[in-house]
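All remarks here apply to the structure that follows.
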Amino acid sequence: MVRYSPSAAQALAYLKRPYNDIDIFVEDTAGHNMWLVLLRRVLPKRVRLTSVNQLGGRANVLKACKLAQNGIKRKQLYIIDADFDYLLNKRKPKLKHLYRIRAYCIENLLMREAALVQVGLSAMSNATEAQIASSLQFGRWYGTVSKQLAPLFCTYAVAHQLAPQHHTVSFAVGKLLTHQRGKAELDSLKVIRRCREIARLVVKAVGYQPFLDTMNIMRARSARLSPVQTISGKDYLFPILHIWLRRQIACRGTIEELKVRLAEFWDASSEPWLTRTLNHI
Numbered sequence: 020m021v022r023y024s025p026s027a028a029q030a031l032a033y034l035k036r037p038y039n040d041i042d043i044f045v046e047d048t049a050g051h052n053m054w055l056v057l058l059r060r061v062l063p064k065r066v067r068l069t070s071v072n073q074l075g076g077r078a079n080v081l082k083a084c085k086l087a088q089n090g091i092k093r094k095q096l097y098i099i100d101a102d103f104d105y106l107l108n109k110r111k112p113k114l115k116h117l118y119r120i121r122a123y124c125i126e127n128l129l130m131r132e133a134a135l136v137q138v139g140l141s142a143m144s145n146a147t148e149a150q151i152a153s154s155l156q157f158g159r160w161y162g163t164v165s166k167q168l169a170p171l172f173c174t175y176a177v178a179h180q181l182a183p184q185h186h187t188v189s190f191a192v193g194k195l196l197t198h199q200r201g202k203a204e205l206d207s208l209k210v211i212r213r214c215r216e217i218a219r220l221v222v223k224a225v226g227y228q229p230f231l232d233t234m235n236i237m238r239a240r241s242a243r244l245s246p247v248q249t250i251s252g253k254d255y256l257f258p259i260l261h262i263w264l265r266r267q268i269a270c271r272g273t274i275e276e277l278k279v280r281l282a283e284f285w286d287a288s289s290e291p292w293l294t295r296t297l298n299h300i
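Quick note on numbering: the sequence shown equals residues 20 to 300 in the working numbering.
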């Protein structure tokens with residue numbers, strides 16, 4: 020997917036005006052059809068949307084939004100993920116036309132058991148919805164994986180705040196999996212080692228006490244928040260879910276194809292504020 024600079028955002032949207040009644044800008048460089056399907060489900064039927072503008076990162080969306088604060092009468096919406104904002108207790112930037120997803124990222128909100136069961140109907144064409152749900156054991160899977168990843172994302176949040184020069188979420192989740200007897204699963208020991216690796220880097224950068232104080236704050240916040248708000252669905256949960264679905268219900272296709280399928284069964288009640296915003300622009 021081609022990346023566009025923030026300054027080119029309005030020009031990009033202008034070219035699409037003949038077939039878009041609203042200009043919507045998102046972070047991603049992939050998953051266009053996921054966004055298109057999802058947004059069409061919550062936009063009023065009278066509103067045409069055939070293309071979403073992908074700007075390639077949160078910073079680009081914010082810059083483009085800042086450039087559009089004055090003099091633009093066109094209906095527009097700039098959508099960003101929350102990322103570490105909940106753990107860091109950061110407020111949404113005060114910008115017109117800006118919407119922040121009430122989750123770590125939009126992918127977190129796609130992972131609903133009801134939607135996964137519907138995907139399973141095509142993968143297990145002779146099974147009932149109850150049988151698919153039983154095979155998925157989604158609640159147990161989600162609870163287990165979230166519990167394993169929670170300490171890591173607390174550590175990542177500490178690094179993001181105190182030593183942002185170090186890579187965190189960009190570390191591939193595949194490196195935290197173990198492969199045995201044809202199965203790939205999240206390895207708790209590898210997760211612990213990754214936590215320690217990041218902790219050492221932060222301590223080296225700022226000292227032990229600032230690290231410990233900030234970590235205690237992150238742990239307390241994490242305990243009050245949902246995994247939906249604190250763990251990356253895009254980079255961590257979805258790749259593991261994709262492996263799980265292949266094993267449990269013989270689900271085929273790529274991760275991006277899975278996202279589009281789940282978007283088809285998007286439950287708008289999981290993010291009612293987005294529906295409200297789109298209906299009142």
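Heads up, the beta-carbon is just placed ideally off N, CA and C, and yes, glycines get one too.
Considering Cα atoms alone, identify which of the options is closest to residue i.
i: residue 160; options: 292, 263, 208; result: 263
i: residue 206; options: 220, 171, 225, 226; result: 171
i: residue 107; options: 216, 25, 178; result: 178
i: residue 241; options: 164, 120, 105; result: 105
i: residue 75; options: 226, 162, 45, 284; result: 45
i: residue 87; options: 35, 28, 169, 53; result: 28
i: residue 295; options: 60, 229, 48; result: 60
i: residue 162; options: 222, 287, 292, 246; result: 246
i: residue 155; options: 132, 291, 91; result: 132
i: residue 218; options: 190, 41, 175, 194; result: 175
i: residue 228; options: 58, 85, 181, 188; result: 181
i: residue 278; options: 56, 36, 31; result: 56
Would you report the Cα separation of residue i and residue j, rounded to the nearest angstrom?
i: residue 139; j: residue 268; result: 6 Å
i: residue 299; j: residue 248; result: 25 Å
i: residue 202; j: residue 259; result: 11 Å
i: residue 20; j: residue 129; result: With a pLDDT of 49 at residue 20, under the threshold of 50, the modelled position of this residue cannot be trusted; read the value that follows with caution. In a straight line, the C-alpha of residue 20 is about 22 Å away from that of residue 129.
i: residue 71; j: residue 214; result: 36 Å
i: residue 280; j: residue 297; result: 22 Å
i: residue 95; j: residue 243; result: 34 Å
i: residue 237; j: residue 183; result: 16 Å
i: residue 210; j: residue 143; result: 33 Å
i: residue 199; j: residue 166; result: 21 Å
i: residue 291; j: residue 231; result: 37 Å
i: residue 111; j: residue 124; result: 14 Å
i: residue 293; j: residue 149; result: 31 Å
i: residue 141; j: residue 126; result: 21 Å
According to DSSP, residue i sits in a beta bridge with which residue or residues?
i: residue 233; result: Partner(s): none; residue 233 has no beta bridge.
i: residue 203; result: 198
i: residue 44; result: 72, 97
i: residue 118; result: 98
Around the Cβ of residue i, are there at least 16 other Cβ atoms within 10 angstroms (buried) or fewer (exposed)?
i: residue 116; result: buried
i: residue 135; result: buried
i: residue 25; result: buried
i: residue 73; result: buried
i: residue 252; result: buried
i: residue 50; result: buried
i: residue 341; result: The structure shown does not extend to residue 341, since the chain spans only 20 to 300, so no value can be given for it.
i: residue 67; result: exposed
Can you find a heavy atom of the ligand SAM that lies under 8 Å from the Cβ of residue i?
i: residue 84; result: Questions concerning the ligand SAM fall outside what the structure shown contains, since it holds no ligand whatsoever.
Complete alpha helix (DSSP H) runs within the region 138-170 (minimum length 4 residues, chain order): Entirely contained in the region 138-170, the alpha helix (DSSP H) runs reaching 4 residues are, in chain order, 148-155.
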